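**Student:** Protein chains in written order, with the UniProt record's numbering: chain W, 1 to 423; chain E, 1 to 334. The beta-carbon is built from N, C-alpha and C at its ideal position, and this holds for glycine as well. All values reported here derive from a predicted model rather than from experimental measurement.
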Ligand SMILES: Cc1ncc(C[n+]2csc(CCOP(=O)(O)OP(=O)(O)O)c2C)c(N)n1
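Rendered as C-alpha cells:
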C-alpha cells in the first residue's frame with residue numbers, strides 16, 4: 001500500500017466518469033461548439049481513409065439556422081423527395097406516440113421510441129437502395145416505415161397477436177422482415193454488427209451489387225462485437241455502412257461510459273483505417289448526404305464507412321425507464337441541434353415548397369393513418385388477455401427446420417399437460 | 001484416408017456441389033489450417049470461398065451468420081474448441097435462435113468445425129471438450145465423429161443441414177484410432193475398416209447412433225475418441241459390452257440407446273469432458289427415465305475430472321482403459 005512505512009509513492013486514483021448534469025442541475029450546452037453548416041468539404045468517394053483523418057472530429061451539417069441547405073454536402077434533393085422524408089419522419093413519430101400509449105394502456109408489454117432520432121433511420125433508408133440489407137438495432141423503426149412496410153405488420157408484432165408473423169415469440173419492436181431488407185433484431189446488443197459485415201462480405205464475394213448497413217448506439221460501441229465488426233470490415237474492405245447513433249445516453253449511462261470523454265465515436269474508425277464521418281444526426285439532409293457518400297463508396301469497392309450520428313435521446317430509453325431519475329428533465333430541450341422534423345419543415349418552407357397549412361394537413365394524415373392501422377391491428381388481438389394468440393404448439397416450431405424427436409415428444413407432453421388441466 | 005483427409009474431402013465434395021459453401025477461419029486459407037483440414041481448398045476454389053480470418057472468434061461466427069443470412073453456407077473453423085468461448089454469444093444467442101426468433105424469415109445453415117479433446121499434451125487451453133455446454137442450447141445440433149468414414153459422411157450431412165451445426169473433431173484420433181493406453185501410439189487408420197472412405201459424395205445422417213460392437217452384458221455409451229477406448233477395453237476386459245457410438249449428441253438417438261440398455265440391463269457412459277453437468281448427466285437421466293425397470297445396476301459415468309486439463313498429468317485426467325475397466329467391473333458385480 002502507498003502508506004506503508006518506507007514508501008513514498010503517490011496514490012493512484014480511479015476516474016469514474018460523471019455526466020455534466022444530474023437531476024436538479026441547470027443545463028447548458030453552451031460549451032459545445034459545432035462547425036457551421038456547409039463548412040465541411042465533401043471528399044471524393046474514392047478518398048483514401050488516411051486523407052480523411054479530420055472528419056471524425058468535425059460535424060457534417062447541411063441545414064443552417066435559417067433552414068437553408070448549404071455547402072458541398074447538400075444532397076440537392078427534389079422537393080418531392082424531401083417531402084417524402086418529412087412524411088416518413090412524421091409517420092415514425094406518430095407511430096411511436098400511438099404505440100407508447102398502447103403500452104400504457106396495457107395492450108403490449110414494452111415499447112421504445114426514437115423521438116429526436118427520426119432523421120437517422122428515415123433519411124438513411126431513403127439514401128440506401130431498397131434491396132440493400134439493413135441490420136438494425138432497436139431504434140430504427142424508421143427504416144421499415146421509410147421502406148413503406150405496412151404499419152399494421154409492425155403493430156401485430158408489437159401486440160404478439162394473430163397477425164404477428166413472428167408467432168408472438170419476440171419482444172415487441174424486435175421486427176424481422178427479409179422482404180423489407182430488415183434483419184431480425186436481437187436483444188443482445190451489437191451482435192448485428194459483425195453479421196452485417198458478413199452479409200456484405202458475402203455480397204462482395206458473389207460479385208453482387210447490394211451493400212449492407214448496420215446500426216448501434218454509442219453505448220454499444222463498448223461491446224466486443226463492435227470491434228470484431230470493424231476489424232473484419234477493414235480487413236476485407238466490406239461494402240458496409242456502419243452507423244453509430246450517439247444519442248448521448250445508454251439507459252442511465254452517459255456517453256462517457258463508452259469512451260466518449262476521450263474521443264469521438266467516429267474516431268474509432270481511425271485505428272481500423274476505416275473512413276469515418278461525424279454527422280449532425282438531427283439534420284435529415286446531412287444524414288442523407290453522408291449515407292449516400294458511404295453507400296456510393298461501398299458500391300464502388302472502396303470499402304466500409306463508419307458514421308457517427310450526433311443526436312439526443314429525447315424520450316425515455318424504453319417504456320420501462322424513467323429518465324428523470326438520472327438526468328435533468330429539461331436536458332433534451334437545451335440540446336442545441338434542435339428537432340429534426342422541425343428543421344426539415346423549416347427548410348421546405350424556406351425554399352417555398354411547404355407551409356404551415358400543408359404541414360398540419362400532413363400531420364392529420366399520418367395520425368389518421370396510424371390510428372386506422374392501429375384499429376385494424378387490434379382486431380387481430382393485443383397482448384393483454386389474449387396472450388396465446390398463436391397455437392400453443394407453435395412454440396415448438398422453427399427451433400430446427402425439421403422437428404427432431406425430442407422436441408416432438410416435449411410438444412406432445414405440453415399439449416397433454418394442457419389437456420389434463422382443461423385449458 | 002485418415003480423419004483429417006476425410007474431413008478435407010467432405011468440404012471438397014460440398015464445395016464442388018454447392019458454390020455457396022464457404023470456408024473461413026484462422027489460417028485455413030493459404031496454409032490449409034493448423035491441422036491441415038482445409039489444405040488445398042483455397043487453391044481449388046479461390047480466395048472468395050476459402051479465406052483466412054482475423055483472430056476473432058466473435059467475428060468469425062458473427063460474419064458467418066451474416067453470410068448465411070445472405071444465402072451462403074459458411075463452414076467456419078475455430079482453431080481449437082477451447083477458443084470457441086469468445087464466439088459463444090454469436091453461437092448461442094444468434095446462430096441458434098435466428099430461425100426461431102424470425103419464424104423462419106432468416107435461417108442459419110452454418111457448420112462450425114472445431115478440433116476438441118485431449119491426449120495430445122495440449123495443456124488446459126488445447127484439450128477441452130465443451131460439447132455439453134452447447135447441447136444445453138436449443139437450436140444447435142452437435143455432431144462428433146469417431147472415424148474417417150463417419151467424419152466425412154457426417155460433415156457432409158452437417159454442411160447440408162438447414163440449421164447451425166457444431167462439428168467437434170476428436171483431434172487425438174485425427175491420424176488413427178487408439179486404445180487409450182498413453183504409452184502406445186495411435187494405430188494408422190489404414191488398418192481400420194472405417195478408413196475405407198469413398199472419394200465422392202455420401203452422407204451419414206445426423207441423429208443416428210451406431211452400434212459399433214454388439215454385446216449382451218452392458219451398454220457403453222460413448223463418442224469420439226472414447227469409442228476407441230471402449231473398444232479396447234471391451235477386448236481386454238473380456239466383458240461382453242455393447243458399444244454405442246452416439247455420433248450426434250443433438251438430436252440424440254435415444255431409441256437405439258434404450259433398446260440396447262433394455263437388452264443388457266446395464267449402462268456405462270464414458271466421455272472426456274468434466275463430469276459435473278457434462279453430457280453424461282443428460283444421458284444418465286434419459287436412460288433412467290426410459291429404462292429404469294430394466295436396470296440391474298446403477299448407471300456409471302466415466303469422465304474427465306472436474307478440474308482443468310493438467311498438461312503433464314493429462315493421462316491422469318483422461319478417462320482411459322483403467323477407469324473404464326473398473327467401472328465395467330463395478331456394474332457387472334450386481
Ligand atoms: C449484451 C447486452 N448487454 C446489455 C443489454 C441491456 N441494454 C439494453 S439497451 C442498453 C443501452 C444501450 O445504449 P446505446 O447502445 O447507447 O443505445 P440507445 O439505447 O441509446 O439507443 C442496455 C445496456 C443488452 N440488451 N444486451
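Can you pull the DSSP bridge partners for residue 214 (chain W)?
**Tutor:** W:135 and W:242
**Student:** Starting from residue 141 (chain E), trace the beta strand (DSSP E) in both directions and tell me its first and last residue.
**Tutor:** 141-143
**Student:** So, is residue 357 (chain W) buried or exposed, given that buried needs 16 or more other C-beta atoms within 10 angstroms?
**Tutor:** exposed
**Student:** Per DSSP, what kind of secondary structure is residue 254 (chain E) in: helix, strand or coil?
**Tutor:** Per DSSP, reduced to three states, the secondary structure at residue 254 (chain E) is helical.
**Student:** Tell me which same chain residues have a C-beta within less than 6 Å of the C-beta of residue 144 (chain E), skipping the five on either side of it?
**Tutor:** 168, 223 and 224
**Student:** Mapping the DSSP letters down to three states, classify residue 417 (chain W) as helix, strand or coil.
**Tutor:** helix
**Student:** Within 7 Å: the Cβ of residue 317 (chain W) and any heavy atom of ligand 1?
**Tutor:** yes
**Student:** Less than 8 Å between the beta carbons of residue 252 (chain W) and residue 326 (chain W), yes or no?
**Tutor:** yes
**Student:** Kindly list, in the order they appear in chain A, the residues whose Cβ is closer than 8 Å to that of residue 83 (chain W).
**Tutor:** The structure shown contains no chain A; the protein chains it does contain are W and E.
**Student:** Which of the residues in the stretch 405-420 of chain W, read from start to end, lie with their CB under 7 Å from any CB of chain E?
**Tutor:** Listed by position, the residues of the stretch 405-420 of chain W near chain E (Cβ gap below 7 Å) are 405 and 406.
**Student:** Quick one: what's residue 306 (chain W) bridged to in DSSP?
**Tutor:** W:242 and W:276
**Student:** If we count the other Cβ atoms within 10 Å of its Cβ and call it buried at 16 or more, is residue 170 (chain W) buried or exposed?
**Tutor:** Buried: at least 16 other Cβ atoms inside 10 Å.
**Student:** Report the neighbours of residue 65 (chain E) on chain W: residues whose CB is nearer than 7 Å to its CB, in chain order.
**Tutor:** 195 and 198
**Student:** Let me check understanding here. Comparing Cα to Cα, which of E:160, E:51 and E:147 lies closest to residue 171 (chain E)?
**Tutor:** E:147
**Student:** Using a cut-off of 9 Å between C-beta atoms, extract the partners of residue 99 (chain E) located in chain W.
**Tutor:** Within chain W, the residues near residue 99 (chain E) are 398, 399, 400 and 401.
**Student:** Would residue 222 (chain E) count as contacting chain W if we go by Cβ distances under 8 Å?
**Tutor:** For residue 222 (chain E), the answer is no, since every Cβ of chain W falls outside 8 Å of its Cβ.
**Student:** Return yes when the C-beta of residue 245 (chain W) is under 7 Å from any heavy atom of ligand 1, and no when it is not.
**Tutor:** Answer for residue 245 (chain W): yes, Cβ within range of ligand 1.
**Student:** Only counting the same chain, and skipping five residues up and downstream in sequence, which positions put a Cβ closer than 6 Å to that of residue 42 (chain W)?
**Tutor:** Within the same chain, residue 42 (chain W) has close Cβ partners 72 and 73.
**Student:** What first and last residue would you give for the beta strand (DSSP E) that runs through residue 323 (chain E)?
**Tutor:** Element bounds for residue 323 (chain E): not the beta strand (DSSP E) but the alpha helix (DSSP H), 321-333.
**Student:** Could you work out which residue in W:407, W:350, W:361 and W:403 is closest to residue 79 (chain W) when comparing CA atoms only?
**Tutor:** W:350
**Student:** On a CA-only basis, which of E:42, E:11 and E:101 is nearest residue 175 (chain W)? Give me that one, please.
**Tutor:** E:101
**Student:** Going by DSSP, name the residue or residues bridged to residue 302 (chain E).
**Tutor:** E:270
**Student:** Does any residue of chain E bring its CB to less than 8 Å from the CB of residue 130 (chain W)?
**Tutor:** no
**Student:** Go ahead and pull the three-state DSSP assignment for residue 87 (chain W).
**Tutor:** Three-state DSSP puts residue 87 (chain W) in a helix.
**Student:** What do you reckon, is the C-beta of residue 142 (chain W) under 7 Å from a heavy atom of ligand 1?
**Tutor:** No - ligand 1 has no heavy atom lying nearer than 7 Å to the Cβ of residue 142 (chain W).
**Student:** Strictly below 9 Å CB to CB, what residues from chain E border residue 241 (chain W)?
**Tutor:** Neighbours of residue 241 (chain W) on chain E: none; closest Cβ ~14 Å, over 9 Å.
**Student:** With a Cβ-Cβ cutoff of 8 Å, do residue 137 (chain E) and residue 96 (chain E) count as a contact?
**Tutor:** Annotated as proximal: residue 137 (chain E) and residue 96 (chain E), with beta-carbon spacing under 8 Å.
**Student:** Looking only at its chain, what residues have a beta carbon closer than 6 Å to the beta carbon of residue 394 (chain W), apart from the 5 residues adjacent to it on each side?
**Tutor:** Around residue 394 (chain W): 167.
**Student:** Is the beta carbon of residue 102 (chain W) less than 8 Å from the beta carbon of residue 125 (chain W)?
**Tutor:** no
**Student:** On the DSSP letters alone, give me the boundaries of the beta strand (DSSP E) that residue 221 (chain E) sits inside.
**Tutor:** 218-222
**Student:** Tell me which residues of the stretch 234-264 of chain E have at least one Cβ-Cβ distance to chain W shorter than 9 Å, keeping chain order.
**Tutor:** The stretch 234-264 of chain E vs chain W, Cβ under 9 Å: 250, 251, 252, 253, 254 and 255.
**Student:** In angstroms, rounded to a whole number, what distance separates the CA positions of residue 156 (chain E) and residue 20 (chain E)?
**Tutor:** 14 Å
**Student:** Determine whether the Cβ of residue 153 (chain W) lies closer than 8 Å to any Cβ atom of chain E.
**Tutor:** Answer no: the Cβ-Cβ gap between residue 153 (chain W) and chain E never drops below 8 Å.
**Student:** I'd like to know whether the C-beta atoms of residue 122 (chain W) and residue 158 (chain W) end up nearer to each other than 8 Å.
**Tutor:** no
**Student:** Using a Cβ-Cβ cutoff of 9 Å, what residues of the stretch 169-184 of chain W are near chain E? List them in chain order.
**Tutor:** Only those residues of the stretch 169-184 of chain W whose C-beta falls short of 9 Å from the nearest C-beta of chain E are listed: 169, 170, 174, 176, 177, 178, 179, 183 and 184.
**Student:** Taking 8 Å as the threshold (beta carbon to beta carbon), is residue 209 (chain W) in contact with chain E?
**Tutor:** no
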